[in-house]
Amino acid sequence: MAIRDQGYTRYEGDLTAGSPTWWVVASNGFSLQWAYVRSKLLLFPILFVFLLFVFATFGERVLTNYFMSGQPAAQPDEISGFYEFAFGYVQIWILALYFTASGCGVIAEDLRFKTIQLYFSKPITKTDYIVGKFMSLVMFGGLVTVLPTILVGGIRMMIFAPSESFGSVALKVGGVVAYDIVLLCLFSLIVMALSALTSRTGYVVLAWAGFMLIPSLVSTIVDLVRKGEEWPELLSVAGTMGLALQSLVDFKGIPQPGQLAPAPPPDYMMWAPWLIIVALGSAAVGVLYWRTSKLEGIA
Amino acid sequence: MGTDAIIKTQNLSKWYGQVIALNDVTLEINRGVTGLLGPNGAGKSTLMKVLTGQLRPSNGAARIFGQPIWNNGYVMSRIALCPEQDAFYEEMTAFQFVTYLVRLHGYTVVESEKMARAALGVVDLLERMNDPIHTYSKGMRQRAKIAQAIAHDPDVLFLDEPLTGTDPVGRRRIIDLILEIGDRGKSVVVSSHILHEVESMTSNILLINKGRVIADGDVFAIRNMIDDHPHQIFIDADKPRDFAKLLVDNKDVISVTFDDDGIRVTTRDPNACYEYIPALALANDILIRRLTSPDNNLAAVFKYLTESGYREGAGT
Numbered sequence: 000m001a002i003r004d005q006g007y008t009r010y011e012g013d014l015t016a017g018s019p020t021w022w023v024v025a026s027n028g029f030s031l032q033w034a035y036v037r038s039k040l041l042l043f044p045i046l047f048v049f050l051l052f053v054f055a056t057f058g059e060r061v062l063t064n065y066f067m068s069g070q071p072a073a074q075p076d077e078i079s080g081f082y083e084f085a086f087g088y089v090q091i092w093i094l095a096l097y098f099t100a101s102g103c104g105v106i107a108e109d110l111r112f113k114t115i116q117l118y119f120s121k122p123i124t125k126t127d128y129i130v131g132k133f134m135s136l137v138m139f140g141g142l143v144t145v146l147p148t149i150l151v152g153g154i155r156m157m158i159f160a161p162s163e164s165f166g167s168v169a170l171k172v173g174g175v176v177a178y179d180i181v182l183l184c185l186f187s188l189i190v191m192a193l194s195a196l197t198s199r200t201g202y203v204v205l206a207w208a209g210f211m212l213i214p215s216l217v218s219t220i221v222d223l224v225r226k227g228e229e230w231p232e233l234l235s236v237a238g239t240m241g242l243a244l245q246s247l248v249d250f251k252g253i254p255q256p257g258q259l260a261p262a263p264p265p266d267y268m269m270w271a272p273w274l275i276i277v278a279l280g281s282a283a284v285g286v287l288y289w290r291t292s293k294l295e296g297i298a
Numbered sequence: 000m001g002t003d004a005i006i007k008t009q010n011l012s013k014w015y016g017q018v019i020a021l022n023d024v025t026l027e028i029n030r031g032v033t034g035l036l037g038p039n040g041a042g043k044s045t046l047m048k049v050l051t052g053q054l055r056p057s058n059g060a061a062r063i064f065g066q067p068i069w070n071n072g073y074v075m076s077r078i079a080l081c082p083e084q085d086a087f088y089e090e091m092t093a094f095q096f097v098t099y100l101v102r103l104h105g106y107t108v109v110e111s112e113k114m115a116r117a118a119l120g121v122v123d124l125l126e127r128m129n130d131p132i133h134t135y136s137k138g139m140r141q142r143a144k145i146a147q148a149i150a151h152d153p154d155v156l157f158l159d160e161p162l163t164g165t166d167p168v169g170r171r172r173i174i175d176l177i178l179e180i181g182d183r184g185k186s187v188v189v190s191s192h193i194l195h196e197v198e199s200m201t202s203n204i205l206l207i208n209k210g211r212v213i214a215d216g217d218v219f220a221i222r223n224m225i226d227d228h229p230h231q232i233f234i235d236a237d238k239p240r241d242f243a244k245l246l247v248d249n250k251d252v253i254s255v256t257f258d259d260d261g262i263r264v265t266t267r268d269p270n271a272c273y274e275y276i277p278a279l280a281l282a283n284d285i286l287i288r289r290l291t292s293p294d295n296n297l298a299a300v301f302k303y304l305t306e307s308g309y310r311e312g313a314g315t
């Protein structure tokens, strides 16, 4: 039997002609997650939620114009940050849901379907692999966080452009973008760490859902018991991220019934959320390091 | 052993906790096709994993092109692995899959696509290359795996059970491809349980059992080295009883038995036997229709070396 000429030309140069290896892994990982039908379907209700925020901006502007007509223009400090806080807080659960639907198999499926061994015999480093997988999640999660923030925030800034509140709005939108990056990095690291622990994507989904829901439930119960105290929010990831968001968008909170202005938070509430975020991120990095050092062969 | 050995290991050992999977293995693999044989649990897979950089040796050294394998990007860029198990991103097409894996070697998208197309052509998957892998038959999946392994034209190719699930035509084609790659001066290490398939690809084998290489080299040479094991010769002659009588008088002959279609001679010195059998037949006017050695096939060697616990004369 004749074998056709393979026409191969062996590459002799440095391995720098193509894209960086981590980028190849990242773009492929993103494509794989995007290839799931559920990833595309889920985007519709998520985009609808963000559309509501666009309408809310219009509504806010119309109401502001109505109440402020004949009065001096709104001052920058009149933008409370509630809108940005609500927008960012919703993103916590949207991102959690999106990762539950499609991101949890990021490493687990490489383990399950043995594709991880194909990386073994390739000239890539562990760092390339991990950074590539991390970036794939960041890009994927960016579809429901950074991208909508830029779009909705851009529209909001355009609407507020004629007013003196524009600077304040722009700062708060910038704060949400910064928060999105923190949120994306943290959630991506945690999902990756969980995904590296097992070859069963279902277990990762359960662990991730548990990680998000159980502390939130505990936090809610403790909050109900210790009425008026803010520290129970630190018990949950969502609460912690919410507190970090508050500081980034300069949202003072909602006044308690009978109060004109919200009570100033205790000092520790300014740094404790960030400390928890750093601790959680470090723990995830630690788990990833430990696990990948066990995965011999990702040389 | 040739001096141009591509793969070398020196006192290589690998433990999994208390279990020793490879035990002080020293070997050399040259260019061409080499069959890696051994029963289940022999250490074949562990050896393959060490040689493809998947496992770090517990002790000893493993080198390809004179360089250590573990964590060596240069070595990794010149080798390829076709794993035994399915290892795919099922949603991808074969073309996307192969292109992606070639890109990991540092090629540009355009180069990678060109190489992927060429490799898929070699394994006859061009027509279906744009279909998702989950729609492929077992044989097609096997060919896609081989395509990803050969696409970047590796100098050393490791194939773990490459013929699994292939139809006879596909099997023949893959065997021819392996032979052709070997003929081009590449090193091809083929692991298989199916001995006659390995025989059709090479007579150069590496027998491994209980974590040790018990024989390597040409299968016929190995057979000759097993001089403490009686060797069988089958003779189809027109006067079997007369010929048997003549043969039993020789000192090296242990026994002569009659089969339906001939006689089976068991000897301690097959070389001497091959010399005097034709002479005896000629002198006594006996017609020999067939003279074969059932022991000179891989299955027999495999059986002797693995089942009898043979430890001398070959191997590490």
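If you read the protein sequences in the order shown, they are chains A and B.
If you're matching positions, the first sequence starts at 0 in numbering that gives the first Met the number 0 and goes up one per residue.
If you're matching positions, the second sequence starts at 0 in numbering that gives the first Met the number 0 and goes up one per residue.
From the three backbone atoms N, C-alpha and C, an ideal C-beta is built for every residue, glycine too.
CA-CA distance, residue i and residue j?
i               : j               : result
E232 of chain A : G173 of chain A : 24 Å
A243 of chain B : V255 of chain B : 6 Å
P214 of chain A : V236 of chain A : 7 Å
A243 of chain A : W21 of chain A  : 30 Å
I232 of chain B : V264 of chain B : 5 Å
M75 of chain B  : Q147 of chain B : 14 Å
L193 of chain A : Y88 of chain B  : 20 Å
R155 of chain A : P161 of chain B : 59 Å
W289 of chain A : R77 of chain B  : 29 Å
A61 of chain B  : L103 of chain B : 23 Å
L50 of chain B  : V252 of chain B : 44 Å
Y202 of chain A : I91 of chain A  : 21 Å
T56 of chain A  : I180 of chain A : 23 Å
V248 of chain A : I93 of chain A  : 19 Å
R211 of chain B : M191 of chain A : 39 Å
L46 of chain A  : F159 of chain A : 22 Å
A73 of chain A  : G87 of chain A  : With a pLDDT of 47 at A73 of chain A, under the threshold of 50, the modelled position of this residue cannot be trusted, and the question is left open.
L35 of chain B  : A117 of chain B : 28 Å
R124 of chain A : V61 of chain A  : The amino acid occupying residue 124 of chain A in the given sequence is Thr; Arg does not appear at that position. If you take the alpha carbons of T124 of chain A and V61 of chain A, they lie about 55 Å apart.
Taking all protein chains shown into account, decide if residue i is buried (16 or more other Cβ within 10 angstroms of its Cβ) or exposed.
i               : result
T8 of chain B   : buried
L31 of chain A  : buried
P75 of chain A  : Here the model assigns P75 of chain A a pLDDT of 44, short of 50, so the residue's position is not dependable and the matter cannot be decided.
Q27 of chain B  : A small fix is needed here, since residue 27 of chain B is Glu in this sequence, not Gln. Flag for E27 of chain B reads buried.
D182 of chain B : exposed
A137 of chain B : The residue you asked about is not Ala; residue 137 of chain B is Lys in the sequence shown. It counts as exposed.
Q66 of chain B  : exposed
M241 of chain B : Per the sequence shown, the amino acid found at residue 241 of chain B is Asp instead of Met. D241 of chain B is exposed by the Cβ-count criterion.
R37 of chain A  : exposed
K226 of chain A : exposed
G116 of chain A : Per the sequence presented here, residue 116 of chain A reads as Gln, with Gly not at that position. Buried, because 16 or more other Cβ atoms sit within 10 Å of the Cβ of Q116 of chain A.
V155 of chain B : buried
V121 of chain B : buried
D127 of chain A : buried
F119 of chain A : buried
Name, please, each residue of chain A whose Cβ falls closer than 9 Å to the Cβ of residue i.
i               : result
R30 of chain B  : Chain A residues near R30 of chain B: none, gap ~15 Å exceeds 9 Å.
G261 of chain B : What G261 of chain B touches in chain A: nothing, since even the nearest Cβ is about 34 Å away.
G138 of chain B : Result: empty, since nearest Cβ-Cβ is about 16 Å, beyond 9 Å.
What does residue i touch in chain A if you count any residue whose Cβ is under 8 Å from its own?
i              : result
P82 of chain B : K113, Q116 and L117
D85 of chain B : F112 and K113
G16 of chain B : Those do not exist, as G16 of chain B stays about 13 Å from chain A at its closest Cβ, beyond 8 Å.
Find the residues of chain B that neighbour residue i, judging by a C-beta separation of less than 9 Å, and give them in chain order.
i              : result
L31 of chain A : Y88, E90 and M91
Please determine whether the Cβ atom of residue i lies at a distance below 8 Å from any heavy atom of the ligand COA.
i              : result
T45 of chain B : The model on display carries no ligand, and the ligand COA is accordingly not part of it.
Checking contacts by CB at 9 Å: is residue i closer than that to chain E?
i               : result
I129 of chain A : Reference to chain E is not applicable here, since the protein chains of this structure are A and B.
Taking residue i as the query, report the chain B residues whose CB atoms sit under 7 Å from its CB, ordered along the chain.
i               : result
I123 of chain A : L103
N27 of chain A  : Y99
L203 of chain A : The question names Leu, but residue 203 of chain A is Val in the sequence shown. The contacting residues do not exist; V203 of chain A stays about 17 Å from chain B at best.
A34 of chain A  : E90
T63 of chain A  : Result: empty, since nearest Cβ-Cβ is about 48 Å, beyond 7 Å.
So which residues of chain B does residue i contact, with C-beta pairs closer than 8 Å?
i               : result
S120 of chain A : T51, G52, Q53, M75, I78, A79, L80 and F157
V23 of chain A  : Y99, R102 and L103
T126 of chain A : Under the 8 Å cutoff, chain B gives no residues; its nearest Cβ is about 12 Å from T126 of chain A.
Residue i touches chain A at which residues, Cβ-Cβ below 7 Å?
i               : result
G181 of chain B : The premise fails here: G181 of chain B is roughly 12 Å from chain A at the closest Cβ pair, so nothing lies under 7 Å.
Any alpha helix (DSSP H) of 4 or more consecutive residues that is wholly inside the stretch 110 to 152 of chain A:
115 to 119 and 125 to 141
Starting from the N-terminal side, write out each stretch of the beta strand (DSSP E) that is 3 residues or longer and does not extend beyond the stretch 192 to 246 of chain A.
none
Could you give the uninterrupted runs of the alpha helix (DSSP H) lying entirely in the stretch 22 to 86 of chain B, keeping only those of 4 residues or more?
43 to 50 and 72 to 77
Three CB pairs or more closer than 8 Å across the stretch 174 to 190 of chain B and the stretch 93 to 108 of chain B:
no
Please confirm if the stretch 141 to 148 of chain A is in contact with the stretch 100 to 110 of chain A, defined as three or more CB-CB distances below 8 Å between the two stretches.
Counting Cβ pairs under 8 Å, fewer than three are found: no touch.
Enumerate, from N- to C-terminal direction, the unbroken alpha helix (DSSP H) stretches of 4 or more residues contained entirely within the stretch 161 to 192 of chain A.
none
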